[in-house]
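Visitor: Here's a structure for you.
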Amino acid sequence: MKYPWIDEYLMAKRGVTKDLQAEWNWIRYHIGSKMFAAVLLDHDDRPYYINLKLNPAEGELMRKQYPDVIPGYYSNKLHWNSVKPDGDIPDDLLKTWLDRSYLLVLQDLPKAKQREILGLSVCGTDCSACPLHGNLCTGCNEACGKVFHAPEGKPCPIYGCCVNKHHYATCASCSRVPCAVWQATRDPSMTDEQFEQSVNDRVSALRKI
Ligand code: SF4
Ligand code: SF4
């Protein structure tokens, strides 16, 4: 197959698990127990298709444009597409389709579930890595933003804006990130440099979704 990077690429995405469906000999990639991609293997364990989801209009267009893309083999043909693993689809284009497939399936899940699977708060913080987690703080997702440093009885302003006002799963869905609300919501013990680094790290975590 022309795409030896595919397993590493898919497994590097947040929350992805894989299994082997032995009866079909498919390596299946899941997000939150929903499949978003599969590598279909023949009896000699050689890939014969890569299955991925696209929105129906894009899928139809890609099938017309690229002979190496056909309606999803052994799948719902409206949503799923099969890419020939030895065809001429450029690596970057296949990566874009796999990214879209991942996002389509992820964004179909309830928003709180998305954050849980991603292991990120609305602002891209991994609360499990925080020294206060499980001690002073249950974590932003579990507390629905009402963490100890939020205004009394209210969620943190970023959580309030992202979830309660805009109904996003995370600020990754917002074109204004990192916005003025982010700039105004900071740990006062941080230096300017530390805060800038924290913002950059969180934006970077969100952009990897
Ligand atoms: S909400 Fe803030 S303080 Fe609480 S665990 Fe998450 S990062 Fe740490
Ligand atoms: S305006 Fe700011 S806090 Fe609100 S959703 Fe957008 S990036 Fe997040």
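Residues 1 to 209 in this note's numbering are what the sequence shown spells out, letter by letter.
Here a beta-carbon is modelled for each residue, glycine too, at the ideal position from N, C-alpha and C.
By how many angstroms is the C-alpha of Thr170 removed from the C-alpha of Leu54?
Guide: 22 Å
Visitor: Cα-Cα, which of Gly145, Asn51 and Ser204 is closest to Trp80?
Guide: Asn51
Visitor: Does at least one heavy atom of ligand 2 sit under 7 Å from the Cβ of Arg176?
Guide: yes
Visitor: Which value, in whole angstroms, describes the spacing of the CA atoms of Leu10 and Val16?
Guide: 7 Å
Visitor: When you compare each of Gln107, Ala38 and Pro90 to Trp26 by their alpha carbons, which one comes out closest?
Guide: Ala38
Visitor: For a test of your reading of the model: does the CB of Ile89 fall under 7 Å from any non-hydrogen atom of ligand 4? Yes or no.
Guide: By its list of ligands, the structure shown excludes ligand 4, since it contains just ligand 1 and ligand 2.
Visitor: At the level of alpha carbons, what is the spacing between Ile70 and Lys165?
Guide: Approximately 41 Å between the Cα atoms of the pair.
Visitor: Mind checking whether the beta-carbon of His166 lies closer than 7 Å to any heavy atom of ligand 2?
Guide: The answer is yes for His166.
Visitor: Flag this pair as touching only if the stretch 94-108 and the stretch 140-150 have three or more C-beta atom pairs under 8 Å; answer yes or no.
Guide: no
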